[in-house]
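A.B. asks:
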Amino acid sequence: MPRMLRHGSSVGADLPPDEAVTVDAPDGPMGEALAAVHAGDRGPAAALLAGTRERAEWERRSTYVTQLAAAALHSPGWLDGWLAESPEDPDAVLVKAELCVHQAWEIRSAARARDVAPEQFQAFFALLGDAVPVASAAARLNPTDPVPWQIALTHARGSQAPREVFDAYWAEAVARSPHHYGCHAAALQYLSEKWYGSHGEMFAFAERAAESALPGSKLHALPLLAAVEYVVVSDDPRQSPVERARIDAAVERGLELSAWYEPGDPDAADFRNHLVLMLILHERWAEALDVFRAIGVRARTYPWAYLGEPRTEFVELRSGVRMQLASRTPLFSRAGRVGGPASVRGPGSAGSAGSAAASGDARTPSLRSLAIAAAPPHEVAEAALMCGVSLRIAPAPPGMSYVELVPDPSPGRRAALARDDRLTAAADSFTTGEKWAALVLRRTGPRYGFTLLQKGKETAAHQWDPAAPVTDHAVAASTAQALAAAFSVRDARPLVTLLRGADSPARRQADLVAALGLPPLPAGFGERDEVLRTVPGAQLLARRGVLRGIRDSLSTDLGTPAIPVPRPRRWWRLRVAALAVLVPASVYAWTTPDCYRATIPTLASLFLASQLRTAWRSRG
Numbered sequence: 001m002p003r004m005l006r007h008g009s010s011v012g013a014d015l016p017p018d019e020a021v022t023v024d025a026p027d028g029p030m031g032e033a034l035a036a037v038h039a040g041d042r043g044p045a046a047a048l049l050a051g052t053r054e055r056a057e058w059e060r061r062s063t064y065v066t067q068l069a070a071a072a073l074h075s076p077g078w079l080d081g082w083l084a085e086s087p088e089d090p091d092a093v094l095v096k097a098e099l100c101v102h103q104a105w106e107i108r109s110a111a112r113a114r115d116v117a118p119e120q121f122q123a124f125f126a127l128l129g130d131a132v133p134v135a136s137a138a139a140r141l142n143p144t145d146p147v148p149w150q151i152a153l154t155h156a157r158g159s160q161a162p163r164e165v166f167d168a169y170w171a172e173a174v175a176r177s178p179h180h181y182g183c184h185a186a187a188l189q190y191l192s193e194k195w196y197g198s199h200g201e202m203f204a205f206a207e208r209a210a211e212s213a214l215p216g217s218k219l220h221a222l223p224l225l226a227a228v229e230y231v232v233v234s235d236d237p238r239q240s241p242v243e244r245a246r247i248d249a250a251v252e253r254g255l256e257l258s259a260w261y262e263p264g265d266p267d268a269a270d271f272r273n274h275l276v277l278m279l280i281l282h283e284r285w286a287e288a289l290d291v292f293r294a295i296g297v298r299a300r301t302y303p304w305a306y307l308g309e310p311r312t313e314f315v316e317l318r319s320g321v322r323m324q325l326a327s328r329t330p331l332f333s334r335a336g337r338v339g340g341p342a343s344v345r346g347p348g349s350a351g352s353a354g355s356a357a358a359s360g361d362a363r364t365p366s367l368r369s370l371a372i373a374a375a376p377p378h379e380v381a382e383a384a385l386m387c388g389v390s391l392r393i394a395p396a397p398p399g400m401s402y403v404e405l406v407p408d409p410s411p412g413r414r415a416a417l418a419r420d421d422r423l424t425a426a427a428d429s430f431t432t433g434e435k436w437a438a439l440v441l442r443r444t445g446p447r448y449g450f451t452l453l454q455k456g457k458e459t460a461a462h463q464w465d466p467a468a469p470v471t472d473h474a475v476a477a478s479t480a481q482a483l484a485a486a487f488s489v490r491d492a493r494p495l496v497t498l499l500r501g502a503d504s505p506a507r508r509q510a511d512l513v514a515a516l517g518l519p520p521l522p523a524g525f526g527e528r529d530e531v532l533r534t535v536p537g538a539q540l541l542a543r544r545g546v547l548r549g550i551r552d553s554l555s556t557d558l559g560t561p562a563i564p565v566p567r568p569r570r571w572w573r574l575r576v577a578a579l580a581v582l583v584p585a586s587v588y589a590w591t592t593p594d595c596y597r598a599t600i601p602t603l604a605s606l607f608l609a610s611q612l613r614t615a616w617r618s619r620g
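Using our numbering, read the sequence shown as starting at 1 and increasing by one per residue.
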């Protein structure tokens with residue numbers, strides 16, 4: 001623990017912040033195309049897919065089709081319009097084929113067969129049946145394209161197709177692109193023990209593909225994917241064991257492959273997420289930290305969905321790797337030397353991990369956050385005395401407070417080790433034990449979001465991302481109900497409407513604040529830091545250590561400058577009445593022979609007079 005406290009904030013300090021991590025976020029042109037799709041414009045997406053078809057960029061085409069199908073899952077209007085206008089467009093039909101299979105798996109879910117209800121299976125097989133003619137049309141309209149056969153391989157897995165059908169699909173896929181990673185990954189799943197193969201057959205398939213692949217090909221990651229299926233996913237690997245040497249070789253092959261790609265490369269994010277999980281399971285902490293640096297902010301659904309909620313698992317395990325390294329660093333050594341740049345393992349690894357982090361930071365939009373607390377400033381200040389960060393608190397009508405984080409050149413240990421963004425962690429602290437809630441609003445580039453905290457717990461969260469699918473109605477309704485309960489809003493239906501959309505995220509965030517009856521966002525929020533600096537009545541609450549926080553929480557002095565604490569009339573009346581009694585008593589006591597009797601009433605009078613004087617000066 002002493003090593004962790006000393007080095008925890010230093011080890012991995014160059015990693016992107018937790019709040020910047022995204023799951024399956026599209027990059028570059030596809031991000032812009034998805035934003036246009038959600039706004040009703042399919043033109044950029046159609047142009048991207050047409051380009052991949054004309055240039056035979058099958059790997060990129062596979063990725064784009066998957067992302068567009070996910071976007072159409074909850075808002076298919078743009079795709080329906082595209083097909084109505086051009087029913088023989090090979091790109092539109094391909095997206096529709098992927099969407100049909102995607103819809104089927106969405107209903108079935110990723111659960112094991114024993115945990116899927118019969119009605120789910122019935123709907124699943126019905127939708128898979130609907131996908132057959134669409135996938136056949138996609139293959140017919142573009143005969144050289146392997147992506148329809150990748151969809152067919154996924155369909156074969158779900159429809160329980162016999163091995164001869166799978167073999168026929170596989171032959172069609174490799175005839176068009178012998179080294180297509182997407183087709184190989186789909187086939188690997190079919191051959192895994194949890195589906196229709198075995199651990200041995202799965203590893204043999206993956207190793208053959210990797211041995212025949214060119215240097216730098218993502219096919220070298222197939223044994224790594226097989227290792228994750230064996231170690232993480234399989235129910236009991238001991239029933240059909242695989243030699244440890246094959247798993248170790250898969251990890252080493254993954255490290256060598258990672259060195260061929262630049263840090264932050266989106267094409268490498270998929271296998272790097274698998275690689276870092278295997279390194280963690282092998283307790284290779286320094287190498288895991290280097291791979292986390294190379295991943296940057298690009299988390300993927302798998303393999304983390306095997307463990308829980310993907311983003312949460314990614315962030316928590318990354319933090320765990322940092323703490324493991326910190327706990328192994330000698331107490332009086334320099335933590336900066338631990339988990340430093342990895343040795344060069346192959347082409348593409350020019351530059352250190354430090355430069356990787358720097359380049360990742362350059363691409364990471366800065367986070368700006370602001371909290372609205374449903375309590376007056378003096379109550380927030382009293383509750384925040386021990387949160388471990390410096391805050392600026394400003395009054396906000398009606399009887400609420402704005403709170404923002406004030407940059408600290410030397411943050412405390414608690415602030416440096418906070419898992420979430422520091423304002424959310426502070427709100428988690430200062431809402432603990434309080435009846436009022438706090439809404440932390442965030443803006444990170446084009447993404448806008450919020451987190452609702454009550455009694456030290458996160459009760460709701462949401463993010464508007466123009467490039468992400470529309471939020472499911474049930475999820476939005478649950479979030480809206482939590483918000484309505486926290487801020488006494490009678491009708492949550494308008495909130496659901498605001499949450500179920502990704503266009504104009506700034507407007508939706510501001511409209512949500514207004515719909516909750518909260519004060520409007522300060523001018524400049526999201527455009528610059530420390531927007532409360534110019535707000536009338538804003539006060540600084542400086543960071544305190546634990547001991548000083550305990551001491552200050554027992555007094556009414558909240559620091560310099562102090563947060564004004566309004567006093568009720570009853571408080572003034574009681575003290576003035578007491579002073580009116582104690583002053584004559586003190587004067588009389590001093591006239592008696594026993595002057596010691598005057599000590600207590602005199603000290604009490606001075607104390608009350610000091611309280612009244614301080615309260616009068618700080619009245620607000």
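C-beta atoms are modelled at their ideal positions from N, C-alpha and C, and glycine is treated no differently.
Give me, in chain order, the residues of the same chain whose beta-carbon lies closer than 6 Å to that of T63; leave out the 5 immediate sequence neighbours on both sides.
C.D. replies: So no residue of the chain qualifies.
A.B. asks: Pull the bridge partners of V406 from the DSSP assignment, please.
C.D. replies: Bridge partners of V406: none, in fact.
A.B. asks: Only counting the same chain, and skipping five residues up and downstream in sequence, which positions put a Cβ closer than 6 Å to that of A604?
C.D. replies: Within the same chain, A604 has close Cβ partners L582.
A.B. asks: Report the three-state DSSP secondary structure of V65 (helix, strand or coil).
C.D. replies: Note: V65 maps to helix in three-state DSSP.
A.B. asks: Would you kindly check if the distance between the Cβ of G158 and the Cβ of A117 is under 8 Å?
C.D. replies: No, these two residues do not count as a Cβ contact at 8 Å.
A.B. asks: Taking only three categories from DSSP, how would you classify W82?
C.D. replies: In the structure shown, W82 sits in a helix (DSSP, three-state: H, G or I).
A.B. asks: For the candidate residues A213, L325, R60 and P16, whose alpha-carbon lies nearest to that of G28?
C.D. replies: Taking only the C-alpha atoms, the option nearest G28 is R60.
A.B. asks: Closest to Y448 by CA distance: which of L224, P215 and D503 is it?
C.D. replies: Minimum Cα distance to Y448 is reached at D503.
A.B. asks: Does the distance from the CB of T301 to the CB of V23 come in under 8 Å?
C.D. replies: Contact flag set, yes.
A.B. asks: Give every residue of the same chain whose Cβ lies closer than 7 Å to the Cβ of P303, excluding the five residues on either side of it in the sequence, and list them in chain order.
C.D. replies: Hits under 7 Å: V228, V232, N273, H274 and L277.
A.B. asks: Looking at the structure shown, is Y196 part of a helix, part of a strand, or coil, going by DSSP?
C.D. replies: Correct three-state label for Y196: coil.
A.B. asks: Using the Cα positions of D18 and W78, report the straight-line distance between them to the nearest angstrom.
C.D. replies: Spanning the two alpha carbons is a distance of roughly 33 Å.
A.B. asks: Taking all protein chains shown into account, do 16 or more other C-beta atoms lie within 10 angstroms of the C-beta of G264, making it buried, or fewer, making it exposed?
C.D. replies: Buried is the call here.
A.B. asks: To which residues of the same chain is H180 closer than 6 Å at the C-beta, ignoring the five residues directly before and after it?
C.D. replies: Excluding positions up to five away in sequence, the list reads W58 and P146.
A.B. asks: From T591, L441, R490 and L612, pick the residue whose C-alpha is nearest to that of R575; which is it?
C.D. replies: The shortest C-alpha separation from R575 is found at L612.
A.B. asks: Give the straight-line distance between the Cα atoms of L441 and S401, rounded to the nearest whole angstrom.
C.D. replies: Looking at the two C-alpha atoms, the distance is approximately 13 Å.
A.B. asks: CA-CA distance, P622 and L370?
C.D. replies: Shown here, the chain extends from 1 to 620; a query on residue 622 therefore has no answer.
A.B. asks: Use the C-beta contact count for Q122: other C-beta atoms within 10 angstroms, 16 or more gives buried, fewer gives exposed.
C.D. replies: Label assigned to Q122: exposed.
A.B. asks: With a threshold of 7 Å on Cβ separation, who are the neighbours of A480 within its own chain once the five nearest residues in sequence on each side are excluded?
C.D. replies: Here the set comprises A492, L495, V496 and L499.
A.B. asks: Leaving out the 5 sequence neighbours to the left and right, which residues in its chain are closer than 7 Å to L219 when beta-carbon positions are compared?
C.D. replies: So the qualifying residues of the chain are H179, Y181, H184, A209, A210 and A213.
A.B. asks: Using 10 angstroms around the beta-carbon of H199, count the other beta-carbons present and answer buried if the total reaches 16, otherwise exposed.
C.D. replies: Answer is buried; the Cβ neighbour count reaches 16.
A.B. asks: Going by the beta-carbon positions, is the gap between L541 and L391 smaller than 8 Å?
C.D. replies: Contact: yes.
A.B. asks: Identify the residues that DSSP records as bridge partners of H462: which are they?
C.D. replies: Partner(s): F450.
A.B. asks: If you reduce the DSSP assignment to three classes, tell me which class V625 lands in.
C.D. replies: One cannot answer for residue 625 here, as it falls past the ends of the chain, which runs 1 to 620.
A.B. asks: Please classify D373 as buried or exposed, where buried requires at least 16 neighbouring CB atoms within 10 angstroms.
C.D. replies: The sequence shown places Ala at residue 373, rather than the Asp named in the question. Result: buried.
A.B. asks: Taking the continuous alpha helix (DSSP H) assigned at Q324, which residues delimit it?
C.D. replies: Note, Q324: alpha helix (DSSP H), P310 to S327.
A.B. asks: So what does DSSP say about M400, is it helix, strand or coil?
C.D. replies: Looking at M400 - three-state DSSP - the assignment turns out to be strand.
A.B. asks: Per the DSSP calculation, L540 is bridged to which residue(s)?
C.D. replies: According to DSSP, L540 bridges with R392.
A.B. asks: Assign T424 to one of three DSSP states: helix, strand, or coil.
C.D. replies: T424: helix per DSSP, three-state reduction.
A.B. asks: Please work out which residues of its chain come closer than 8 Å, Cβ to Cβ, to G524, disregarding the five sequence neighbours upstream and downstream, and give them in chain order.
C.D. replies: So the list reads V531, once near-sequence residues are dropped.
A.B. asks: For T432, which three-state DSSP category applies?
C.D. replies: Reduced to three states, the DSSP call for T432 is coil.
A.B. asks: What I want to know is whether the C-beta of P505 ends up closer than 7 Å to one or more non-hydrogen atoms of the ligand SAH.
C.D. replies: The ligand SAH is not among the ligands present in this structure, which contains no ligands whatsoever.
A.B. asks: Are P90 and A138 closer than 8 Å when you measure CB to CB?
C.D. replies: Against a cut-off of 8 Å, the Cβ pair of A138 and P90 comes out as a contact.
A.B. asks: Just verifying my parser: in three-state terms, what is the DSSP assignment at V132?
C.D. replies: In the structure shown, V132 sits in a helix (DSSP, three-state: H, G or I).
A.B. asks: Leaving out the 5 sequence neighbours to the left and right, which residues in its chain are closer than 7 Å to D267 when beta-carbon positions are compared?
C.D. replies: These residues qualify, in order along the chain: Y261.
A.B. asks: Return yes when the Cβ of E207 is within less than 8 Å of the Cβ of R191, no when it is not.
C.D. replies: Reading off the sequence shown, one finds Leu at residue 191, where the question assumed Arg. No, these two residues do not count as a Cβ contact at 8 Å.
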